[in-house]
Amino acid sequence: MQTKLVRKDSDLLSDMVVSAVTSVARKDGKRFAVDVDDIKVEKKAGGSVKDSSIIQGIVLDKEIVNNSMPERINNAKIALINSPLEITKTETDAKINISNPQQLRSFLNEEHRMLKGMVDTILETEANVVLCQKGIDDMAQHYLAKAGVLAVRRIKESDLAKLARATGAKITTNLNDLRPKDLGTAELVEQRKIEEDKWVFVEGCKQPKAVTLLLRGGSQRVVDEVERSVHDAIMVVRDVMEEPTVVAGGGAPETYVSTKIRTWAKSLVGREQLAAEKFADALEVIPLTLAENAGMDPIDTLTALRSKQNKGEKWTGIDVMAAQIADMKASDIVEPLSVKNQVVSAASEAACMILRIDDVVAAAKSAGPPPGAEGGMPGMGGMGGMPGMGGMPDMGGMM
């Protein structure tokens, strides 16, 4: 983050990222596995970058379905439901003829009874928060609000899965299968106003396996840049968690490997030597680019870097911020080894793929019918000019 727009707030953001990744990391034997999808990133323009925070739970960009419901629930017992709390239409077409008001009243009363039965099933589990992936009928909202239950509807499936990992709840498809053991827990579920929108915060989860990073910024452009920087940081921390090995940054490892390859290339004969030297040249593009971006002379910088590397100073690289050659280990400039391996292997595979191309066949655009073809049979005008025909002989002389 030191070279990005968020440099001055990098300490805050880096602490948030490390905390988020370590929260969702799962130990697999002696190694760790990290699913970055367990980290939800929500962004909202307004405030400053310092207002960004990590939520030990999930933030939903939704609001409570009914204003009569409580906006804050402490010690929440959360039911996650992915079936609608409303009367569903039958799969087959049906028609009901109502001939008097009593029949209409009975029909409506039966609907209300069914909806109240759904709500009663939820209330029997002592749930006080209902998060539903589908819709919630107005009458069901009334019964839930009357019971002091906070409800949110139309939650994305991906968010519902994150809520399950964060709260420990089980997603219920059939309401009749809902049991108290299926409920999740959180210290607080609260609706808060973020700028002009109302969002629901589910936080204070114990040992959550999914967390949320709420990013703020003075404008939409700043928030987008913060999100990009945080995403890069998450991927870096994940790489180190999964493969806990780092190397020097600043182009030091590329220069070191390039120097070794050049020494080895002298032992080769023929074109193999040229190929090895070109591979070494390709690796040196990294320190050259860093030098150019830092406003340094690329040639002088590279020669000085090679000189120090040949003396055994393998940690020597380019400190872009100070615009000088320095010890990367002493400057705490390191990179994950897995990233370096991926860069070299991907570039090598791409180069090999290009070298395997024997020829490129490009189809020219159709030029349309030749001149003089109008009024005659399509495509027959100017027969003598057809490619490969060598001109048509006079047909009259052949008759």
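Numbering (the numbering used here), first residue to last: 1446 to 1844.
Don't be surprised by glycine CBs; every beta carbon is placed ideally from N, CA and C.
Query	Result
Can you give me the Cβ contacts of R1506 inside the same chain, cut-off strictly under 8 angstroms, excluding the 5 residues immediately before and after it?	For the record, residue 1506 in the displayed sequence is Asp; it is not Arg. These residues qualify, in order along the chain: E1487, D1642, W1644.
So the candidates are V1784, F1646, R1452; which of them puts its Cα closest to the Cα of E1699?	V1784
Where does W1709 fall in DSSP's three states?	helix
What is the rounded straight-line gap between the Cα of R1476 and the Cα of A1470?	10 angstroms
From this set, D1677, V1806, E1780, which residue's C-alpha is nearest V1691's C-alpha?	E1780
Pull up the CB-CB distance for L1628 and T1570, whole angstroms please, since I reckon it's below 8 angstroms.	6 angstroms
Enumerate in chain order the residues of its own chain whose CB-to-CB distance from L1457 is below 8 angstroms, with the five nearest sequence positions on each side excluded.	V1494, K1495, S1497
Are the CB atoms of G1694 and I1770 nearer to each other than 7 angstroms?	no
So, are the CB atoms of A1725 and L1713 less than 7 angstroms apart?	no
Which residues mark the beginning and the end of the alpha helix (DSSP H) in which E1737 is found?	1730-1738
Quick one, which of K1711, P1653, V1668, S1790 has its alpha-carbon nearest G1492's?	V1668
Going by DSSP, what residue range makes up the beta strand (DSSP E) through A1590?	Note, A1590: premise wrong, no beta strand (DSSP E); alpha helix (DSSP H) at 1583-1591.
Grab me the residues of D1454's own chain with a C-beta within less than 7 angstroms of its C-beta, minus the 5 sequence neighbours each way, in chain order.	V1494, K1495
What's the gap between the Cα of M1798 and the Cα of P1529?	52 angstroms
Would you identify the three-state DSSP class for V1451, choosing helix, strand or coil?	coil
Would you identify the three-state DSSP class for L1628, choosing helix, strand or coil?	coil
In terms of residue numbering, what span does the beta strand (DSSP E) encompassing D1480 cover?	D1480 -> no beta strand (DSSP E), and no H or E assigned at all.
So, at 8 angstroms on beta carbons, what are the nonlocal neighbours of K1711 in its own chain, with the 5 sequence-adjacent residues on each side left out?	Q1718
Please identify the residue among N1619, A1609, E1670, D1582 whose C-alpha is closest to the C-alpha of V1656.	A1609
Between V1594 and M1514, which are expected to be in contact by the criterion C-beta below 8 angstroms, what is the C-beta distance as a whole number of angstroms?	7 angstroms
Can you look up S1498 in the DSSP assignment and give me helix, strand or coil?	strand
Measuring alpha carbon to alpha carbon, tell me which of Y1701, V1730, Q1501, F1646 ends up nearest A1611.	Q1501
Which partner residues does W1644 have in the DSSP bridge list?	R1637
By alpha-carbon positions, which one of R1598, L1549, N1554 ends up nearest to I1509?	R1598
Would you call the stretch 1669-1681 and the stretch 1733-1751 touching, i.e. three or more CB-CB distances under 8 angstroms?	no
List, from N- to C-terminal side, the alpha helix (DSSP H) runs of 4 residues or more that fit wholly inside the stretch 1734-1780.	1743-1755
Sort out for me which residues DSSP pairs E1487 with in a bridge.	L1659
Would you kindly report the start and end of the unbroken beta strand (DSSP E) that includes I1523?	1517-1526
For V1702, does the three-state DSSP call read helix, strand or coil?	helix
Identify, in the order they occur along the chain, each residue of the same chain with its Cβ nearer than 8 angstroms to the Cβ of L1568, setting aside the five sequence neighbours on each side.	A1592, V1594
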